[in-house]
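**Student:** According to full-length UniProt numbering, the stretch in the sequence shown is residues 1 to 143, in order. Ideal Cβ positions, reconstructed from N, Cα and C, are used throughout, including at glycine. Quick one: this structure, given as structure tokens, is what I'll be asking you about.
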Amino acid sequence: MSQEDSSSAPESDVTSVGFPLPPSPSPSSGNSSDDDSLWDAMEEELEAELEAELEAELLRGASHAQRPHVAAQLEELRAKTEASMEEARRLREDTRRMREETRRMREYSDLLDVDVSGFTDAQMAAYERELDRRCEQILRGRD
Numbered sequence: 001m002s003q004e005d006s007s008s009a010p011e012s013d014v015t016s017v018g019f020p021l022p023p024s025p026s027p028s029s030g031n032s033s034d035d036d037s038l039w040d041a042m043e044e045e046l047e048a049e050l051e052a053e054l055e056a057e058l059l060r061g062a063s064h065a066q067r068p069h070v071a072a073q074l075e076e077l078r079a080k081t082e083a084s085m086e087e088a089r090r091l092r093e094d095t096r097r098m099r100e101e102t103r104r105m106r107e108y109s110d111l112l113d114v115d116v117s118g119f120t121d122a123q124m125a126a127y128e129r130e131l132d133r134r135c136e137q138i139l140r141g142r143d
């Protein structure tokens with residue numbers, strides 16, 4: 001039995017290159033694109049309902065002379081609402097990207113904490129390649 005075989009950790013604690021990593025926490029919140037799509041659909045439905053109620057109420061109380069002015073105000077409100085919703089979508093996407101970057105950095109940090117004192121030359125080379133790969137992954141994510 002080689003030194004690599006005798007010093008192996010349980011399979012669940014070993015990366016693809018064969019050295020143990022501290023367990024990393026799983027993401028705590030659903031931040032997938034499916035969640036974003038569902039959120040967007042709910043926002044749009046709520047916006048449409050509120051807009052219809054507001055328009056009906058405003059036009060109900062407006063005279064014929066006031067209706068064009070009310071319609072212009074409603075159109076301005078629609079434009080502002082759409083801009084706000086687009087900003088909210090952008091912020092959710094930014095948050096998703098930042099969480100992904102944080103996860104990659106945490107994994108890299110966990111890898112730096114691995115005790116390499118008993119590593120063979122081959123294990124050390126694999127460890128250093130994995131460090132380089134993850135570092136590149138982090139740097140690419142910032143572009």
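1) In angstroms, rounded to a whole number, what distance separates the CA positions of A71 and E55?
2) Distance, Cα to Cα, D113 vs L74?
3) Keeping to the same chain, check which residues put their C-beta closer than 6 Å to that of R140; ignore five residues upstream and five downstream.
4) Between the Cα of Q137 and the Cα atoms of E43, T102 and D36, which residue gives the shortest distance?
5) For the alpha helix (DSSP H) containing D115, name the first residue and the last one.
6) On the three-pair Cβ rule with 8 Å, is the stretch 62–71 touching the stretch 86–95?
7) Go to A62, then tell me how far its alpha helix (DSSP H) extends in each direction, as first and last residue.
8) Rounded to a whole number of angstroms, what is the C-alpha to C-alpha distance between E57 and L50?
9) Restricting to Cα atoms, I'd like to know which of A52, R60, M105 and E47 is closest to T81.
10) Looking at the ligand ADP, does it come within less than 8 Å of L74, judged from the CB to the closest heavy atom?
11) Should L38 be labelled buried (16 or more other beta-carbon atoms within 10 Å of its own) or exposed?
**Tutor:** The relevant details are as follows:
1) 8 Å
2) 58 Å
3) none
4) T102
5) Per DSSP, D115 belongs to no alpha helix (DSSP H) and is neither H nor E.
6) no
7) It is not in any alpha helix (DSSP H) - A62 carries neither H nor E in the DSSP assignment.
8) 11 Å
9) E47
10) Among the components of this structure there are no ligands whatsoever, and the ligand ADP is therefore not found.
11) exposed
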